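**Q**
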Amino acid sequence: QQLGLKYLEEFEQKIPRDEMKQMETILLREITAIDNQLRAEIVGSYRRGATASSDIDVLVTHPTVAKLPSLLHKIVETLTKQVHFVTDT
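So, in structure tokens, the structure goes:
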């Protein structure tokens, strides 16, 4: 609940498509730098062509499913510490 209150104003704002496009470029670069077999795609309202969205949905895949749990941890760590996309988990 406290996190919800902390980010309430941000949550109420929509993310413009141009900003989502910029984030997509950064996400794809960072994710493939972790493991070049990782594939990521922005899905949801972005893929449907929306001009703005309240969130960004990312689909991440890897040919070796068993590696995904550790890779997911690394992705969150990278997006938190290096790119500052994730601020609270």
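In terms of the UniProt record's numbering, the sequence shown opens at residue 1 and continues consecutively.
Think of the CB as a built atom: it goes at the ideal place given N, C-alpha and C, for glycine as much as any other residue.
Small disclaimer: the values here were computed from a predicted structure and weren't measured.
Look up Pro16 in the DSSP assignment and give the residues it is bridged to.
**A** Pro16 is bridged by DSSP to Ala52.
**Q** Could you please give me the residues that DSSP links to Arg39 through a beta bridge?
**A** Thr61
**Q** Would you grab the beta carbon distance between Gly44 and Asp35 for me? Rounded to a whole angstrom, and I think it's under 8 Å.
**A** Approximately 23 Å separates the beta-carbon atoms of Gly44 and Asp35; this is outside 8 Å, ruling out the contact.
**Q** Grab me the residues of Ala68's own chain with a C-beta within less than 6 Å of its C-beta, minus the 5 sequence neighbours each way, in chain order.
**A** Residue identity check: residue 68 is Leu in the sequence provided, not Ala. Closer than 6 Å at the Cβ level, and outside the excluded window around Leu68, lie His62.
**Q** With Val76 as the anchor, note down where its alpha helix (DSSP H) starts and where it stops.
**A** Leu68 to Lys81
**Q** Taking the C-alpha atoms as reference points, what is the distance between Phe85 and Glu77?
**A** 10 Å
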